[in-house]
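Under the UniProt record's numbering, read the sequence shown as residues 1 to 574, first letter to last. Virtual Cβ for every residue (Gly too), placed ideally from N, Cα, C. Reading through the structure tokens given below for one structure.
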Amino acid sequence: MKEMSESGSRETMSVWAKYGPLGAICAVLLAVIVGLVVTAPNQDSQSAAPPTVSSGGTSAQLPAGVLPWEVAKAEGKTEEINWGDRCDTSKGVLALPVTPAPTCYAPYEGPTGGASATGVTADAIKVVVYTAQEDDPVLSFIYNQIGNTDTPAGTFETYEGFNEILATYFETYDRKVELVRYSATGAASDPVAATSDAETISRDLRPFVVLGGPILTDAFADTLAANQVMCISCSPGQENDWYVERAPYIWDVQKNVNQGSIMTAEYVGKHLATGNAEFGGAAVKNQKRKLGLVYLSNSESAEAVRKELEATLKDSYGVEFAEVASFKSPVGMAGEAREILARMKASGVTSILYSGDPLAPQTLTQVATEQDYYPEWVISGSALVDTTIFARTYDQAQWAHAFGPSNLFARVSAKVAGAAYLYNWFYGVPAPARTSAPLILPNLQFLYAVLQGVGTDLSPQTFEKTVFAAKIIPGTVLSPQLSWGERGIWPAVDYAGVDDQTEVWWNAAALGQDESGRDGTGMWAYVDGGTRYLPGEWPTSTKKLFDPKSAVTMYTEPPEGITIPDYQPLPPAE
1 MKEMSESGSR ETMSVWAKYG PLGAICAVLL AVIVGLVVTA PNQDSQSAAP
51 PTVSSGGTSA QLPAGVLPWE VAKAEGKTEE INWGDRCDTS KGVLALPVTP
101 APTCYAPYEG PTGGASATGV TADAIKVVVY TAQEDDPVLS FIYNQIGNTD
151 TPAGTFETYE GFNEILATYF ETYDRKVELV RYSATGAASD PVAATSDAET
201 ISRDLRPFVV LGGPILTDAF ADTLAANQVM CISCSPGQEN DWYVERAPYI
251 WDVQKNVNQG SIMTAEYVGK HLATGNAEFG GAAVKNQKRK LGLVYLSNSE
301 SAEAVRKELE ATLKDSYGVE FAEVASFKSP VGMAGEAREI LARMKASGVT
351 SILYSGDPLA PQTLTQVATE QDYYPEWVIS GSALVDTTIF ARTYDQAQWA
401 HAFGPSNLFA RVSAKVAGAA YLYNWFYGVP APARTSAPLI LPNLQFLYAV
451 LQGVGTDLSP QTFEKTVFAA KIIPGTVLSP QLSWGERGIW PAVDYAGVDD
501 QTEVWWNAAA LGQDESGRDG TGMWAYVDGG TRYLPGEWPT STKKLFDPKS
551 AVTMYTEPPE GITIPDYQPL PPAE
């Protein structure tokens, strides 16, 4: 990869063209605030030990010393326990201004767990934080599109800040989470460097878990799993079987690619296919919808998922695409885009389903306008396409006809809630990595939430057992539903967290801030205030699309039914 580190801007573009499957970036660049609650093992979890619950629901099979508020309350013990200032005993949740609020756990009093696994001692849990190269050409190309000036050093400092916050509130059974920074030796797309880095971490650092990884190759996660080292959000999104084959070592907070395909097929099949193109430009408006697919094809997995989508649409909904076109890279694709859109227009396609990276729509929409072709643009939950910061870079005359499902959730002002709000609340200053702060917290919060439920016997196996036994975390307009394991939601055991989606449409006239805080025109509007849908729940009606009365672009105060208490932060834990 020496050529990459020495290249100029033109060579950087060629590197991106060769190594840039940007659609794979989703697992790292989406923010999910996790509030995992572990109580009695869920009876639907086949991987967990069988639950032991009395007829009165007052006892449960839990690891020794683990006592969440719900169980203590059921057993009438809440008044006997000194929960400490970290717990809001009026609600039984941690006194943190987050939603959903994590449950309180009783302070642990008992013997230490000892060296229960690699990277775990009686008083410490070693956690490696993977940070990118300072001048990674691929990431620089991406981040320049959105003005992200965060540095790897600032990213690690922000990790340390959030780690201190969570250590102050979560129960970790006399162990302290110790973060160790590991700086990548190659670009995010370099599988050789990724393999070497993973081997070095496994052999020399010997952590319990790794947070993050190179986002454009699965070699890093593959190698960690082969060395029996866990990691969280350390790989591009993969097919479901990939995670199962590497269990219990690879975890994600986002959907896997098969789950995304299932949701997209249902959205198109139930919600769109039988209707008219009521949201397209004048030439296609109100014609019976004729669907086309434009997708990023950069791997065997991408082709497998495309075939799965087509098969599901045909077999379950009787829907077929009139045209299907792929592209290999968003860089230098003007000629390719002209051919793709000419085919779509000639075939009478009224509605283009887009599945790919957030850069290609810049070229696709510009070329569509050049061809005087204004179809409906249906996004498919593709990473970052559903962010205002990227959508403002697309041709706005085209994007005024854009809508579709999103894995994100309704936006809320950083003055009200979210990762940036939490950091500023605790320290009184913004996070060092301001843009990346919402992307850093989920990995740590997932880890801490599971540590609370595991107890002293910490290992990859008990980690998995605890996650699979956890309660399903229901979604709200400000947060997704989260679950792992076998819950009857997905057709296979699930190592990815988010279960649901919301629907969005592009309001080209809306004024407000993008995700980095920059003012501008054009924002994603969340249908029906950000109502979320699980598999099987997409409605058939589209009447709420492009309805500004029921939509919201950003909540400037907590929505109805959600309260974010005004707690005072505690002193940092020692």
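**Request:** Determine the DSSP secondary structure at F321, reduced to helix, strand or coil.
**Result:** coil
**Message:** Please report the distance separating the alpha-carbon of S326 from that of S233.
**Reply:** 27 Å
**Prompt:** Thinking C-beta only, is F208 closer than 8 Å to K126?
**Reply:** yes
**Prompt:** Between the segment 400–411 and the segment 536–556, are three or more C-beta pairs nearer than 8 Å?
**Reply:** yes
**Item:** Beta-bridge pairing of L291 - partner residues as DSSP gives them
**Value:** S351
**Item:** K415 versus P111: straight-line alpha-carbon distance, rounded
**Value:** 42 Å
**Prompt:** What does a CB cutoff of less than 7 Å around L534 pick up in its chain, not counting 5 residues either side in sequence?
**Reply:** Q481, I489, D499, D500
**Three or more C-beta pairs below 8 Å linking the segment 303–319 and the segment 258–271** = yes
**Asked** What's the C-alpha gap between N240 and P68?
**Response** 31 Å
**Prompt:** Among A247, R246, N256, Y243, which has the Cα closest to the Cα of G237?
**Reply:** N256
**Asked** From what residue to what residue does the alpha helix (DSSP H) around F468 run?
**Response** 460–469
**Message:** Taking the straight line between their C-alpha atoms, what separation do you get for T217 and D190?
**Reply:** 7 Å
**Nearest-angstrom beta carbon gap, T118 and R206 [assumed within contact, 8 Å]** = 5 Å
**Prompt:** In whole angstroms, what separates the C-alpha of C104 from that of S183?
**Reply:** 35 Å
**Asked** With respect to the alpha helix (DSSP H) encompassing I340, which residues constitute its N-terminal and C-terminal limits?
**Response** 334–346
**Request:** Would you tell me roughly how many angstroms separate the C-alpha atoms of D524 and L511, rounded to the nearest one?
**Result:** Reading the sequence as shown, one finds Trp at residue 524 and not Asp. Rounded to the nearest angstrom, the two C-alpha atoms are 11 Å apart.
**Prompt:** Does the separation of the CB atoms of P460 and Y249 fall below 8 Å?
**Reply:** yes
**Asked** Is the beta carbon of P97 less than 8 Å from the beta carbon of Y423?
**Response** no
**Prompt:** CB-CB under 6 Å to A225, same chain, minus the five flanking residues each way: which ones, in chain order?
**Reply:** R246, Y249, I250
**Request:** Starting from A525, follow its DSSP beta bridges and name the residues at the other end.
**Result:** W505
**Item:** Spatial distance of A397 from T369 (CA atoms)
**Value:** 8 Å
**Buried versus exposed call for G186 [16 or more other C-beta atoms within 10 Å across all chains shown]** = buried
**Limits of the unbroken alpha helix (DSSP H) element including L422** = 419–427
**Asked** What residue does the beta strand (DSSP E) around S183 start on, and which one ends it?
**Response** 176–183
**Asked** Roughly how many whole angstroms lie between the Cα atoms of A573 and L94?
**Response** 14 Å
**Asked** Does the distance from the CB of R289 to the CB of L272 come in under 8 Å?
**Response** yes
**Prompt:** Hey, P279 and F463 are a contact pair by Cβ (cut 8 Å); roughly how many whole angstroms apart?
**Reply:** Note that residue 279 corresponds to Phe in the displayed sequence, not to Pro. No, F279 and F463 are not in contact; Cβ-Cβ is about 45 Å, not under 8 Å.
**Prompt:** Which of the three DSSP states, helix, strand or coil, is assigned to T563?
**Reply:** coil
**Asked** Is G84 helix, strand or coil by DSSP?
**Response** coil
**Message:** Distance check for E160 and G84, CA to CA, integer angstroms please.
**Reply:** 23 Å
**Other residues of its chain near V324: CB distance less than 6 Å, five sequence neighbours each side excluded** = L293
**Asked** Measuring CA to CA, which of H401, P405, Y374, D395 is closest to D386?
**Response** P405
**Asked** If you compare alpha carbons, which of S483, F162, Y421 is closest to I472?
**Response** S483
**Prompt:** Opposite N276 in the DSSP bridges: which residues?
**Reply:** K288
**Prompt:** Can you tell me whether A194 is buried or exposed, with buried defined as 16 or more other CB within 10 angstroms of its CB?
**Reply:** buried
**Start-to-end residues for the alpha helix (DSSP H) that takes in Y173** = Per DSSP, Y173 belongs to no alpha helix (DSSP H) and is neither H nor E.
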